[in-house]
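Taking it in order: structure first as structure tokens, then the write-up.
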Amino acid sequence: MSLHASEALIFEIGEEGRANAYVETAKPLGTFLPKALLRDDLPLPDNTELDVVRHFTRLSQRTFGIDLGFYPLGSCTMKYNPRVNDQMANLPGFRDLHPYAPDELAQGALQVMYELERSLASLFGMAAFSLNPSAGAHAELAALLIAKKYFKDNGQVVRDKVIVPDTAHGTNPASAAMCGFKVISIPSDARGRVDVELLKKAVGPDTAVCMMTNPNTLGLFEDHVHEITAAVHAAGGLMYYDGANGNAIMGNVRPGDMGFDLMHLNTHKTFTIPHGGGGAGHGPVGVAAHLVDYLPTPVVRAVPKPDADPKLAPSDQLTFSLDFDRPKSIGPMRSFWSNFAHAVRALAYIYANGAEGLKKVSQLAVLNANYIRVGIRDVIETPYDEICRHEFVASAQELKKATGVRALDIAKALLDKGYMAPTIYFPLIVPECLMIEPTETESKETLDTFIAALREIIATAKSDPQAIMDAPVNTVVGRVDETRAARQPDLRWHPPSTN
Amino acid sequence: MTYIPHTERDIAQMLEKIGVGSLDDLMQVPDAVKIRAELDIVPALPEYQLARRLSRMAAKNTAVDAISFLGAGAYRHYVPPAIGALAMRGEFLTAYTPYQAEVSQGYLQAIYEWQTYICLLTGMDIANASVYDGATALAEGAIMAINANGRKKILVSRAVDPNYRAVLKTYCDGLDITIDEVPLAADGSTDQAKLRDALAGKEYAAIAIQSPNFFGVVDGLEPGSAEAARASGTVPIAVVSEAISLAALATPASWGAQIVVGEAQSFGVAQAYGGPYVGFIASTTEHMRRIPGRLVGKSVDNRDQIAYVLTLQAREQHIRRERATSNICTNQAHCALIATIYLALLGKTGLRDVAGLNLERSRELATAVSSIPGCDLRFEAPVFNEFVVNVHQPAETVLAKLRERNILGGVALGRFYPEFADSILMTATELTTTSDITALAAALKEVVNVPARV
């Protein structure tokens, strides 16, 4: 039986001296440094490799990933992560490359970064991207720093407001606050879009940036986006595109064509980089032509090789270097150049699909979301019941009134049936919200069984609500006492002697 | 089509159910925003060709075949194969942030173990679930201090990794925070007298000091400086970029740090041309509600079993939006998992051995290099696994000549410290061999090529 009710902590197993011979035995540390500079003890366990392998294998079995089943987590784009991408990232020429490797001995890595950057620029209609930021929120911060510096350089320090729709991801206002901007929240209209009239009233000479997600987090395309970009531009502000929902638009419509000046991508969503339990991510930040000089450093520069064979692929005819000398840049966002291993994965995915394939990816992501929507809308409220994009929202509010069963209970009941739960209680404007994003890599059969499972849960909620409120019962633990976790924080194990 | 299961028949049936005629009907947008260009993307490649093309690019990175003494914030250490075998399990690799605790107990427990390891290594009370890397950990740690005492200036030792200082500046520019620097002492450590002078004005939110510092020197706060920080109400932040040192050196807690930030790449994470790596933030309990990012706590479930869960989420952006402690959403969970497995495999004994071997090999390297005419150690203070060599001529020239001999001799300091344009930061780890050192010494002798001193 592998799924024990609990797995001991690594600190509770093992014995000192049960060491693995990964390296030679070293001389005592006091041989090299005065005792005053050394620590007295190191209270860590020694474990055999077998014990460690069993421990983490068991922990893996107590963890649900895409490889185990359907993962319809809205706004997270949990699609299949192709294994060839990992193998490519793990090639010794990429894996073992030191960040200070001289440019001329790292041409392949620079070529990967260059090709990915050029591909993203074309795919999303931006002048240039920087692969520097580590994740989506990090790229948002970079973009807002770019805006801040751009306005400062142009003598427009009064622009201190960032406009954010009420459906925006929480990172948007949090990133704005980290740049010292004041946040103005714009309500959505009855159609679930930004209220254009309210937005126009909010825009003015103090507007720095308007941040939009399109399609928004309700899964709806902001069909007045061109009016919004025009209004913000007319007031002298910049438009920012939150690319968390990039999987809905690839190759079909481009933020650049919609009028956005700044954007980010979550390549760990759209471009199949594994989420790894919450990171590492990869968040390229893209800009229109007037902001290129402000991108974080370094950027990859390419010049033609003087003696290049014209029969080679275009990027094989170039020589690459890292360019740090960019006086207008906001500076670096992180220790080293990029989450490079993820750039390899994203480029591998682009190679596998090509332009037509990527376009199809988005179309089928939209198809799958709409298929689930029409498959459940007669049993649960779908507040914005029209053609959605890659995700949509349902609301358990009516169900809750009738039965007491909440969105949270439905989520837990789905866990019992072997599915990951949708995102719940987000966006905040939809009561008892369930946000469902199937992605394009799921088959019709998977969607059909998920629809059936959700319908069955809702039927049970009406006949035996307590059964749903007791869920989950098939998981290794039941509902966790979150209040206790927050009121009596236990954030680490303590060695017995210091307890 | 790639990674897509839909047959034409599936698509037709699904469109009919939805009630639209075609995929294009699903994708309608206003004319004003229609795509206006042909996409410039390489045509789709079958998997074997994709692998071939990327393998050719990987093969161009010939730096991986050279004898290398590069370090300076990214380190080459032995990585047991068991790490890859475990970390690449699909359950770990393809999970999202563990919002649904009931089906994420394994990952949550692993992060709880990571938090514990970081506490035990640094001597701190608590640690978060990771941040992007060492530099962003410093920036976030500085913001914690700013939020603690409301001051608008940060004091940083000039011996802190220049990349970390640059990122700190990027972040501080956004918040209109000023950064002042403490100069170096002659021995390569932070000038403690100047540091105490700076603290006297009681204007700094934090003092950040790295150990081992960028020059490899074991640094920190002297007892008098720690006292000065306390008296000035300034939060001491310790910065660690070579995490292996934590197994050997006196803990940052022991010299007065309240916040410890750093980079754990050395714990089994690939160099990968700079990322992804894994930053950590640890602190004393008093800063618990200011720490950014995810925290995993231990609790119980409704069956009275031990259960782990994300906790203290009221600090975070998805709850508090513009009032959050940070905008962090994604962290570096998978790299933190790798580091946790590394620490479990190496254990106390293995970590001490790795630390000891780093000390030993770096001394062997320093002895060999400093015996070459024209090469001296620039600083006298004790070091961990790297040190600065003065070659008395432009370091870039020397390194270029070593490169012709297939040796990456280290990092030229001139790009960060113009006053050290004649100096190289050299690193040795447990993977540095005696023959590597012999080869470097022989090459340096030819390259430095100065007449013997009289």
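Chains as they are written, first to last, in the working numbering: chain A, 43 to 541; chain B, -18 to 435. Even for Gly, the Cβ is constructed at its ideal location relative to N, Cα and C.
ask   = List, in order along the chain, the chain B residues whose C-beta lies closer than 7 Å to that of histidine 268 of chain A?
value = Within chain B, the residues whose beta carbon sits less than 7 Å from that of histidine 268 of chain A are Pro11, Ala13, Val14, listed in sequence order.
request  = Return no unless some Cβ of chain B is closer than 7 Å to the Cβ of aspartate 138 of chain A.
outcome  = Yes, its Cβ sits closer than 7 Å to a Cβ of chain B.
message = If you reduce the DSSP assignment to three classes, tell me which class valine 84 of chain B lands in.
response = helix
ask   = Under the rule that 16 or more other beta-carbon atoms within 10 Å means buried, what is lysine 194 of chain A, buried or exposed?
value = exposed
key: Close Cβ partners of glutamine 96 of chain B (< 6 Å) along its chain, the five nearest in sequence each way excluded   = Ala108
ask   = Counting only beta-carbon atoms, is glutamine 439 of chain A nearer than 7 Å to chain B?
value = no
message = Taking 7 Å as the threshold (beta carbon to beta carbon), is threonine 415 of chain B in contact with chain A?
response = no
request  = Could you tell me which chain A residues have their CB closer than 7 Å to the CB of glycine 115 of chain B, listed as they occur along the chain?
outcome  = Ser377
message = Determine, for lysine 183 of chain B, whether the minimum Cβ-Cβ distance to residues of chain A falls below 7 Å.
response = no
key: For alanine 118 of chain B and glycine 197 of chain B, believed in contact at Cβ under 8 Å, the rounded distance   = The pair is not a contact, with the Cβ atoms about 20 Å apart (cut-off 8 Å).
inquiry  = Residues of chain A with CB closer than 8 Å to the CB of histidine 268 of chain B, please, in chain order.
reply    = Within chain A, no residue comes near histidine 268 of chain B; the closest Cβ sits about 12 Å away, beyond 8 Å.
inquiry  = Under 7 Å, Cβ to Cβ, is there at least one residue of chain B near tyrosine 64 of chain A?
reply    = So, interface residue.
inquiry  = On the DSSP bridge list, what partners appear for cysteine 475 of chain A?
reply    = A:Ser437
request  = Let me know the alpha helix (DSSP H) ranges lying completely inside the segment 197 to 266 of chain B, each 4 residues or longer, listed in chain order.
outcome  = 204 to 213
ask   = List, in order along the chain, the chain B residues whose C-beta lies closer than 9 Å to that of cysteine 118 of chain A?
value = Tyr77, Thr78
task = Note down, in chain order, each residue of its chain lying with its Cβ closer than 8 Å to the Cβ of tyrosine 437 of chain B, except the 5 sequence neighbours on either side.
result = As shown, chain B starts at -18 and ends at 435. That puts residue 437 of chain B outside it, with no answer to give.
query = Bridge partners of valine 369 of chain B, per DSSP?
reply = B:Leu406
ask   = Between the beta-carbon of isoleucine 372 of chain A and the beta-carbon of leucine 187 of chain A, is there less than 7 Å?
value = yes
request  = Please state whether DSSP places alanine 433 of chain B in a helix, a strand or coil.
outcome  = Low per-residue confidence applies at alanine 433 of chain B: pLDDT is 49, beneath 50, and the placement is therefore not dependable enough to give any value.
query = Would you say asparagine 516 of chain A reaches chain B, if we count a Cβ-Cβ gap shorter than 7 Å as a contact?
reply = By this cut-off, asparagine 516 of chain A is not an interface position.
inquiry  = How far does the alpha helix (DSSP H) with glutamine 191 of chain B in it extend, from its first residue to its last?
reply    = Per DSSP, glutamine 191 of chain B belongs to no alpha helix (DSSP H); it is in the beta strand (DSSP E), 187 to 191.
key: Nonlocal neighbours in the same chain, by C-beta distance under 7 Å from glutamine 246 of chain B, ignoring five residues either side   = Ala55, Tyr56, Tyr258, Val259
message = Only counting the same chain, and skipping five residues up and downstream in sequence, which positions put a Cβ closer than 8 Å to that of alanine 163 of chain A?
response = Ala169, Ala170, Phe171, Gly328, listed in sequence order.
ask   = Comparing the C-beta of methionine 253 of chain A with each C-beta of chain B, is any distance below 7 Å?
value = no
inquiry  = Can you check whether the C-beta of valine 199 of chain A is within less than 7 Å of a C-beta belonging to chain B?
reply    = No, valine 199 of chain A does not count as interfacial toward chain B.
query = Which residues, taken in chain order from the segment 225 to 241 of chain B, show a beta carbon closer than 9 Å to some beta carbon of chain A?
reply = Leu227, Ala228, Ala229, Leu230, Ala231, Thr232, Ser235
ask   = Between A:Asp265, A:Ala411, A:Gln153, which lies nearest to alanine 40 of chain B when the distance is taken from Cα to Cα?
value = A:Gln153
query = Does the Cβ of lysine -2 of chain B have 16 or more other Cβ atoms within 10 Å, making it buried, or fewer, making it exposed?
reply = exposed
inquiry  = I'd like to know if methionine 38 of chain B contacts chain A, where contact means its C-beta is closer than 7 Å to some C-beta of that chain.
reply    = yes
task = Compute the Euclidean distance between the alpha carbons of valine 206 of chain A and phenylalanine 261 of chain B, then round it to the nearest angstrom.
result = 31 Å
message = In whole angstroms, give me the CA-to-CA distance for isoleucine 471 of chain A and serine 49 of chain B.
response = 56 Å
task = Determine the chain A residues that contact glycine 436 of chain B at a beta-carbon separation under 7 Å, and present them in chain order.
result = As displayed, chain B neither begins before -18 nor continues past 435, which places residue 436 of chain B out of reach and without an answer.
task = Identify whether serine 138 of chain B lies in helix, strand or coil by the three-state DSSP scheme.
result = strand
query = For serine 36 of chain B, which of A:Ala494, A:Val386, A:Ala501 has the nearest alpha-carbon?
reply = A:Val386
message = Measuring only the C-alpha atoms, how far is serine 357 of chain A from alanine 129 of chain B?
response = 50 Å
Neighbour flag for histidine 58 of chain B against chain A, beta carbons, 7 Å = It does not; no Cβ of chain A falls within 7 Å.
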